[in-house]
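Undergrad: Below is a structure I'd like to ask you about.
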Amino acid sequence: MPVRRVPKPVTSRKPTASNRVKFTPPAQKRVAEILLRLDATYPNVTCALTHRNAWELLVATILSAQCTDVRVNMVTPIIFRKYPTPQDFARLKPEELEPDIRSTGFFRNKSKSIVGAAKKIMEEFGGKVPETMEALLQVPGAARKTANVVLGTWFKKAVGVVVDTHVHRISRRLELTERDDPKRIEQDLMQVIPQDKWIDFSHQVIHHGRALCVARKPKCAECPLENICHAADKTWTTVQVHRWAKP
């Protein structure tokens, strides 16, 4: 008796560039509500990296790449006691700095960046960290994220939005962007977030990413943004009715 072939089920088309739904910027009322709730939850947050001046913040931010702020804050007091000024760092060879920053990871590249930054600042900027994005981007180790941290936190200049791993993750979860590239995410955020909120927004979202909106198993039941967040990876592990939800 011949075997009857069962036809394969018809599946929907895979999304392509031509048939996927086009991303549109979020409504300003929703953005305003997000900012209002972030202000209420994190009213006085700032950069978690310990620093006393722009140079120390620049060094700490370079060290923070692929490293926790807690670890960086354990390392920086030691190196700043040994090398108090950019001039002291500029006299070093990168390998001389490596043992002091080894615990932060990627210490060889970081030591080259820090010593290179010190030499650049001494030779071309009079020993002072430059106060513009254009000039900071000329300093070894200072890409846009690092420059935005220094300019926003120390100089109080809102020239961009810090896009670290937390801002990257949360801005996508909140549908403030659909992009993956940090530069394009920053461009999208600068279009939907008012400029006078760029600095606070960066700090607040970074803290939110550490406290609640973590990468794995986000604590959605405790999140003040839950009922205006449409993330696909929401979790419900502690309560059934969210305290922020509207009746």
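Mapping to the UniProt record's numbering: the sequence shown position 244 is 244, numbers consecutive.
All C-beta atoms, glycine included, are put in the ideal place defined by N, C-alpha and C.
Indicate the three-state DSSP secondary structure (helix, strand or coil) for Asp200 in the structure shown.
TA: helix
Undergrad: Please state the DSSP three-state secondary structure of Pro218.
TA: coil
Undergrad: On the CB-based measure, 16 or more other CB atoms within 10 Å of its CB, does Lys234 come out buried or exposed?
TA: exposed
Undergrad: For Val139, which of Asp69, Ala117, Asn227 and Val167 has the nearest alpha-carbon?
TA: Ala117
Undergrad: Is it true that the CB of Thr76 sits closer than 8 angstroms to the CB of Val59?
TA: yes
Undergrad: Given that a residue counts as buried once 16 or more other Cβ atoms are within 10 Å of its Cβ, and exposed if not, what is Gln28?
TA: exposed
Undergrad: Curious, which full-length alpha helix (DSSP H) runs of at least 4 residues does the UniProt domain "HhH-GPD" (63 to 211) contain?
TA: 69 to 82, 86 to 90, 94 to 101, 107 to 124, 133 to 136, 144 to 153, 165 to 173, 182 to 192 and 198 to 211
Undergrad: Considering only their Cβ atoms, is the gap separating Met190 from Val161 smaller than 8 angstroms?
TA: yes
Undergrad: From Cys220 to Val163, what distance separates their C-alpha atoms?
TA: 22 angstroms
Undergrad: Rounded to a whole number of angstroms, what is the C-alpha to C-alpha distance between residue 248 and Pro26?
TA: Residue 248 lies beyond the stretch modelled for the chain, which goes from 1 to 247, so this question has no answer here.
Undergrad: With a CB to CB cut of under 6 angstroms and the five nearest residues on each side skipped, what residues in its chain are close to Ala48?
TA: Asp69
Undergrad: According to the neighbour-count rule (16 or more other Cβ atoms, all chains shown, within 10 Å of its Cβ), is Asn44 buried or exposed?
TA: exposed
Undergrad: Take Asn53 as the anchor and find which of Pro218, Ser171, Lys156 and Leu36 has the nearest alpha-carbon.
TA: Lys156
Undergrad: Is the Cβ-Cβ distance between Val149 and Thr104 less than 8 angstroms?
TA: no
Undergrad: Measure from the alpha carbon of Lys145 to the alpha carbon of each residue in Asp88, Thr177 and Asp181, then state which is nearest.
TA: Asp181
Undergrad: For Arg30 and Val192, I'd like the C-alpha separation in whole angstroms.
TA: Cα to Cα, the separation comes out at about 10 angstroms.
Undergrad: Does the distance from the CB of Tyr42 to the CB of His208 come in under 8 angstroms?
TA: yes
Undergrad: Determine whether the beta carbon atoms of Ala90 and Val115 lie at a separation below 8 angstroms.
TA: yes
Undergrad: Could you tell me whether the Cβ atoms of Ile62 and Lys110 are closer together than 8 angstroms?
TA: yes
Undergrad: With DSSP collapsed to three states, give me the class of Arg37.
TA: helix
Undergrad: When the Cα atoms are used, what is the spatial distance from His203 to Leu35?
TA: 12 angstroms
Undergrad: With a threshold of 7 angstroms on Cβ separation, who are the neighbours of Lys22 within its own chain once the five nearest residues in sequence on each side are excluded?
TA: Residue placement at Lys22 is poorly supported in this model, since its pLDDT is 47, which falls under 50; the coordinates still yield a value, given next. Closer than 7 angstroms at Cβ, skipping near neighbours: no residue.
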